[in-house]
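Residue numbers (the working numbering): 1 to 262.
Note that CB positions come from ideal geometry on N, CA and C, so glycine has one too.
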Amino acid sequence: MSLDIVEIAVGDRSVGLAVARPTGPAKAAVAFSHGAFSAPGKYAALLDGWAAAGLLVAAPLHVDSTDHPRREAFDQAAVWRTRLEDQAATLDWLAGQGTPGLAAAGHSFGALLALAAGGAGVLAPPGAPTLDPRVKAVVALSPPPATPPLISAEGFASTAAPLLVQTGDADVLPGFVDDWRMRLIAFEAPSPGDRHALVLPGVDHYFGGLICRPELPGPAQAERLAQAVAISADLVLAHAAGDASAAARIAARSSQPSFTTR
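Take a look at the structure:
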């Protein structure tokens, strides 16, 4: 599979969406937000994996990306606002494609946007879009810990949509996330009910360079990424497409030591 680029208007900006399409009719759709300074193309293995599971995926190129042609025109204060706008516009575009249900997903900084769309309370600029009731599932890959004032522990607690939080026991960023368990606040803070955590042994923040930072030397953690793709696709299919088989697969994973449900 390959990623198509679709240009959409977001206010006075043109935003490129990297789109991964399933081979048949889409069962559900996912808006994906990349990590800080990265780009959608650096997540091709993830996005194509979701498309292979029957999902239509669209990922905007945010202005903080080192690949963005006008990156220098936006200061740090504009990054968060434009990211929220990009996500809302991506969800609108996906809704216009006729797919039956929507989900929001993101990696690292991008996971915070997905959580906000699912109900997490974040500090947002006036008028910036956050909660989107159309979002039926949230996939948060390596989300940040509580980072006041952007998001507090209480902010994570208001997440309402069904949720998968993925991390790994090597998922640390020294000086910011010194213990991978800090990332689980996104899973632990909301009230119980359709909350799932996937902690993959040996997995770092980038799956060995398979996502976000392809320049890393590896080794690539391909088997673990395939697990994350399959489980996250099942969450989306179960809640955004009403797929009973996907829901049954999630329930069956409750006996796996790396998977927790509450």
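If you draw a straight line from the alpha carbon of residue i to that of residue j, how long is it in whole angstroms?
| i | j | result |
| --- | --- | --- |
| Gly-208 | Pro-143 | 17 Å |
| Asp-4 | Gly-16 | 10 Å |
| Gly-35 | Lys-136 | 22 Å |
| Asp-169 | Ala-230 | 19 Å |
| Thr-90 | Leu-56 | 12 Å |
| Ala-78 | Pro-40 | 19 Å |
| Glu-215 | Thr-66 | 14 Å |
| Gly-175 | Pro-148 | 16 Å |
| Trp-93 | Ile-250 | 28 Å |
| Arg-195 | Gly-202 | 23 Å |
| Asp-171 | Val-10 | 33 Å |
| Arg-213 | Ala-241 | 31 Å |
| Ala-161 | Val-138 | 6 Å |
| Asp-64 | Ser-38 | 8 Å |
| Gly-24 | Thr-99 | 12 Å |
| Met-182 | Arg-70 | 34 Å |
| Gly-218 | Leu-184 | 24 Å |
| Ser-258 | Val-30 | 24 Å |
| Gly-96 | Asp-12 | 20 Å |
| Thr-130 | Ala-116 | 5 Å |
| Thr-260 | Gly-101 | 25 Å |
| Glu-223 | Ser-2 | 21 Å |
| Asp-48 | Ala-28 | 14 Å |
| Leu-200 | Ser-152 | 25 Å |
| Ala-197 | Leu-163 | 8 Å |
| Pro-60 | Ala-252 | 34 Å |
What residue does the beta strand (DSSP E) around residue i start on, and which one ends it?
| i | result |
| --- | --- |
| Gln-256 | Element bounds for Gln-256: n/a, residue is neither H nor E. |
| Phe-264 | Nothing can be reported for residue 264, as the shown portion of the chain is limited to 1 through 262. |
| Arg-181 | Counting along the chain, Arg-181 falls outside any beta strand (DSSP E), and DSSP gives it neither H nor E. |
| Pro-60 | 55-60 |
| Val-165 | 163-168 |
| Asp-38 | According to the sequence provided, residue 38 is Ser. The question's Asp does not apply to it. That residue, Ser-38, is in no beta strand (DSSP E); it is neither H nor E in DSSP. |
| Val-203 | First-last for Val-203: undefined, no H or E at that position. |
| Ala-28 | 28-33 |
Can you tell me where the alpha helix (DSSP H) holding residue i begins and where it ends?
| i | result |
| --- | --- |
| Ala-240 | 222-240 |
| Ile-8 | Element bounds for Ile-8: not the alpha helix (DSSP H) but the beta strand (DSSP E), 4-10. |
| Ala-18 | Per DSSP, Ala-18 belongs to no alpha helix (DSSP H); it is in the beta strand (DSSP E), 13-20. |
| Gly-155 | 153-157 |
| Leu-46 | 44-52 |
| Phe-187 | 185-188 |
Spatial neighbours of residue i within its chain, please: C-beta separation below 8 Å, excluding the five flanking residues on both sides.
| i | result |
| --- | --- |
| Ser-158 | Gly-119, Ala-120, Gly-121 and Pro-190 |
Can you list, in chain order, the residues of its chain with a C-beta nearer than 6 Å to that of residue i? Leave out the 5 residues immediately preceding and following it.
| i | result |
| --- | --- |
| Gly-106 | Ser-33, Leu-113 and Ala-114 |
| Pro-299 | Outside the modelled stretch of the chain, which goes from 1 to 262, sits residue 299, for which no answer is possible. |
| Asp-243 | Leu-237 |
| Gln-221 | Val-203, Phe-207 and Gly-208 |
| Leu-123 | Pro-149 and Leu-150 |
| Glu-7 | Ser-14 and Gly-16 |
With 16 as the cutoff for other CB atoms within 10 Å, does residue i come out buried or exposed?
| i | result |
| --- | --- |
| Arg-262 | exposed |
| Gln-227 | buried |
| Pro-22 | buried |
| Gly-127 | exposed |
| Ser-254 | exposed |
| Glu-85 | buried |
| Asp-132 | buried |
| Gln-166 | buried |
| Ser-245 | exposed |
| Gly-155 | buried |
| Ser-108 | buried |
| Gln-256 | exposed |
| Gln-76 | exposed |
| Gly-193 | exposed |
| Ala-103 | buried |
Going by beta carbon distance, what residues of the same chain come within less than 7 Å of residue i, once the five residues before and after it are set aside?
| i | result |
| --- | --- |
| Ala-233 | Trp-50, Ala-53 and Leu-55 |
| Leu-210 | Ala-45, Ala-220, Gln-221, Ala-222 and Leu-225 |
Counting only beta-carbon separations shorter than 8 Å, does residue i have a partner in chain B?
| i | result |
| --- | --- |
| Thr-23 | Looking at the structure shown, chain B is missing, and only one protein chain is on hand. |
| query | What are the uninterrupted segments assigned as beta strand (DSSP E) that are 3 or more residues long and contained completely in the segment 66-138, given in chain order? | reply | Look at the segment 66-138 and you find these whole runs of beta strand (DSSP E), each 3 residues long or longer: 102-107.
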